[in-house]
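> Per our numbering: the sequence shown = residues 2 to 316.
Shown below is the structure under consideration.
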Amino acid sequence: MCLPPRVLTNRELERMVDTSDEWIQERTGIRERRIADADMATSDLCAGAVRQACDDARLEPAALDALIVATSTTDTLFPSTACWVQRKLGIKGMPAFDVSAGCSGFLYGLELASALVAAGHRAVAVVGGEVMSKVVNWKDRGTCVLFGDGAGAAIVTPGDGRSGVLASNWGADGNLAPILYQPAGGTQMPASHETVEAGRHTVHMEGNTVFKHAVVAMSSAAVAAMRDAEVTADDITLMIPHQANLRIMEAARERCGIPRERMYSVLHKYGNMSAATIPVALHEARSEGRIHDGDVIVSTAFGTGFTWAATVLRW
Ligand code: UT7
Numbered sequence: 002m003c004l005p006p007r008v009l010t011n012r013e014l015e016r017m018v019d020t021s022d023e024w025i026q027e028r029t030g031i032r033e034r035r036i037a038d039a040d041m042a043t044s045d046l047c048a049g050a051v052r053q054a055c056d057d058a059r060l061e062p063a064a065l066d067a068l069i070v071a072t073s074t075t076d077t078l079f080p081s082t083a084c085w086v087q088r089k090l091g092i093k094g095m096p097a098f099d100v101s102a103g104c105s106g107f108l109y110g111l112e113l114a115s116a117l118v119a120a121g122h123r124a125v126a127v128v129g130g131e132v133m134s135k136v137v138n139w140k141d142r143g144t145c146v147l148f149g150d151g152a153g154a155a156i157v158t159p160g161d162g163r164s165g166v167l168a169s170n171w172g173a174d175g176n177l178a179p180i181l182y183q184p185a186g187g188t189q190m191p192a193s194h195e196t197v198e199a200g201r202h203t204v205h206m207e208g209n210t211v212f213k214h215a216v217v218a219m220s221s222a223a224v225a226a227m228r229d230a231e232v233t234a235d236d237i238t239l240m241i242p243h244q245a246n247l248r249i250m251e252a253a254r255e256r257c258g259i260p261r262e263r264m265y266s267v268l269h270k271y272g273n274m275s276a277a278t279i280p281v282a283l284h285e286a287r288s289e290g291r292i293h294d295g296d297v298i299v300s301t302a303f304g305t306g307f308t309w310a311a312t313v314l315r316w
């Protein structure tokens, strides 16, 4: 994983908007988050995460045969952030492209990487990375307290037949697009002086509506993936849900019938890093010795779109 060093605490936010540490912790479970420096782009964090994942996999980045970046906070509208990552890693040749599926992006990327590997690719990098701090409205207390910056990566390779993705479930409902989106800057509402003045280049979110859909989508997708993987809640050693709000994570976990001690969270430290939350949590769980060979892990996410995805894998 790769996180910017700057920490922004709830106490500091108290001095920026009308909020309190108590409110943020009680309603979300977040205590602090990381914030990128002014000169840091999403591709910087993604390149750092891919480099580390390659080291861990004992692989040169040049040996990757595809690079998938999951992000909503792209470096530029075009080209893809994945191409900027290639440039920063000093690699070329392999296909590189972005997946735009919001917070479900890493699991969407994992699904694509698995398909590429099944089709003969040997090493596919999937990286979820975001610099949310550059697209949130720092005057809107309903959103700015929630998000953080970071990136996490995985290298997907052909397995030994025993470990890997057992089943997944993914989907989208574009009718819900307006409940969470960045209105301006694209072809719907091109950038202008007016859009900038009206703050239309920042996150627009109907928090309560997102909350309700998130709980249902995350739990339904996880239950469906577990059924298809032919595992029960008892078989799950660790649940790594998308980390947006502890209350959403807890409600989804309960609906899946997985005990509290088997859910892993880094939300308190990093906030909602969108597509980066799952790979960062996966990395930290592994570093802390919470994941062992043969473990069955379920990950589930929801995000802008509205998208959802769940994956059951055997480590
Ligand atoms: O990855 C996907 C990204 N999005 C999400 O996951 C968001 C999902 N939604 C949520 O997590 C929650 O809906 C929020 C955390 C955004 C809000 O929590 P809530 O329990 O749904 O609160 P609310 O929106 O119903 O607001 C309750 C009150 C309101 O005041 P009044 O109208 O009751 O006087 C808000 O104005 O809390 C107020 N409020 C705040 N107060 C202090 C909203 N934000 C804040 C804040 N500090 N930061």
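By construction, the Cβ of each residue, glycine as well, lies at the ideal position given by its N, Cα and C atoms.
Since this is a predicted model, take the numbers as computed values, not measurements.
Per DSSP, Asp-99 is paired with what?
DSSP lists Val-70 as partners of Asp-99.
> Using C-beta distances below 7 Å, list every residue in its chain close to Arg-142, excluding the 5 sequence neighbours before and after it, in chain order.
Within the same chain, Arg-142 has close Cβ partners Val-18, Asp-19, Thr-20.
> When you compare the CB positions of Val-299 and Val-281, do they come within less than 7 Å of one another, or not?
No; because the gap between Cβ atoms is not below 7 Å, this pair is not in contact.
> Between Thr-29 and the ligand UT7, is the CB less than 6 Å from at least one heavy atom?
Flag set: Cβ of Thr-29 near the ligand UT7.
> Who are the Cβ neighbours of Arg-34 in its own chain at under 6 Å, not counting the five residues just before and after it?
Leu-9, Gly-149, Tyr-271, Gly-272.
> Among the residues of its own chain, which have a CB less than 7 Å from the CB of Glu-285, if the five just before and after it don't count?
Within the same chain, Glu-285 has close Cβ partners Val-267.
> Are there 16 or more other CB atoms within 10 angstroms of the CB of Val-51, so buried, or fewer, so exposed?
That one is buried.
> Taking its Cβ as the centre, do 16 or more other Cβ atoms sit within 10 Å of Val-197, making it buried, or is it exposed?
Counting Cβ neighbours within 10 Å, Val-197 comes out exposed, since fewer than 16 surround it.
> Does Asn-11 pass the burial test, meaning 16 or more other C-beta atoms within 10 Å, or should it be called exposed?
Asn-11 comes out buried.
> For Glu-131, list the residues DSSP reports as bridge partners.
Answer by DSSP bridge pairing, in chain order: Gly-151.
> By DSSP, does Arg-201 sit in helix, in strand, or in coil?
In the structure shown, Arg-201 sits in coil (DSSP, three-state: anything other than H, G, I, E or B).
> Buried or exposed: which applies to Gln-189, given that a residue is buried once 16 or more other Cβ atoms fall within 10 Å of its Cβ?
Exposed.
> My output table needs one value for Asn-11: the three-state DSSP class, helix, strand or coil.
The answer is helix: DSSP assigns Asn-11 an H, G or I state.
> Excluding five sequence neighbours on each side, which residues of the same chain lie with their C-beta closer than 8 Å to the C-beta of Ser-164?
The residues are Asp-294, Gly-295, Leu-314, Arg-315, Trp-316.
> Taking the straight line between their C-alpha atoms, what separation do you get for Gln-26 and Arg-248?
Approximately 11 Å, taken between the alpha carbons.
> Relative to the C-alpha of Ala-83, which residue among Asp-99, Met-95, Ser-73 is closest?
Of Asp-99, Met-95, Ser-73, the residue nearest in Cα terms is Asp-99.
> Just verifying my parser: in three-state terms, what is the DSSP assignment at Thr-144?
Note: Thr-144 maps to helix in three-state DSSP.
> So the alpha helix (DSSP H) Ala-302 belongs to, where does it begin and stop?
Segment 297-304 is the beta strand (DSSP E) holding Ala-302; no alpha helix (DSSP H) there.
> Between Trp-316 and the ligand UT7, is there a pair consisting of the residue's CB and a ligand heavy atom that are separated by less than 6 Å?
Flag unset: Cβ of Trp-316 not near the ligand UT7.
> In this structure, how does DSSP classify Tyr-182 when only helix, strand and coil are distinguished?
Residue state, collapsed to three classes: strand.
> Give me the DSSP bridge partner(s) of Ile-156.
Ala-126.
> So is Phe-307 buried or exposed if we call it buried at 16+ other beta carbons inside 10 Å?
Answer is buried; the Cβ neighbour count reaches 16.
> When you compare only the Cα positions, how much space is there between Ala-223 and Glu-195?
About 42 Å.
> Looking at the strands, I want to know which residues DSSP matches up with Pro-242.
The partner list for Pro-242 (beta bridge, DSSP) reads Thr-301.
> Would you call the CB atoms of Ala-253 and Ser-220 closer than 7 Å?
Yes.
> Smallest Cα separation from Met-240: which of Lys-213, Ala-277, Ala-311, Glu-231?
Nearest option by C-alpha distance: Ala-311.
> Whose C-alpha, out of Thr-203, Glu-251, Ser-169, Asp-174, is nearest the C-alpha of Tyr-182?
Comparing Cα-Cα distances from Tyr-182 to each of Thr-203, Glu-251, Ser-169, Asp-174, the minimum goes to Thr-203.
> By DSSP's criteria, Val-313 is part of a beta bridge. Which residues make up the other side?
According to DSSP, which records beta bridges pairwise, Val-313 is partnered with Ala-168, Val-299.
> Note the first and the last residue of the continuous beta strand (DSSP E) segment covering Arg-34.
Start and end: 33-35.
> For the ligand UT7, I want to know if Val-197 counts as a neighbour, meaning its beta carbon is within less than 6 Å of at least one of the ligand's heavy atoms.
Answer for Val-197: no, Cβ out of range of the ligand UT7.
> Consider the C-beta atom of Val-146 and the heavy atoms of the ligand UT7; say whether any pair is separated by less than 6 Å.
For the ligand UT7, at least one heavy atom lies less than 6 Å from the Cβ of Val-146.
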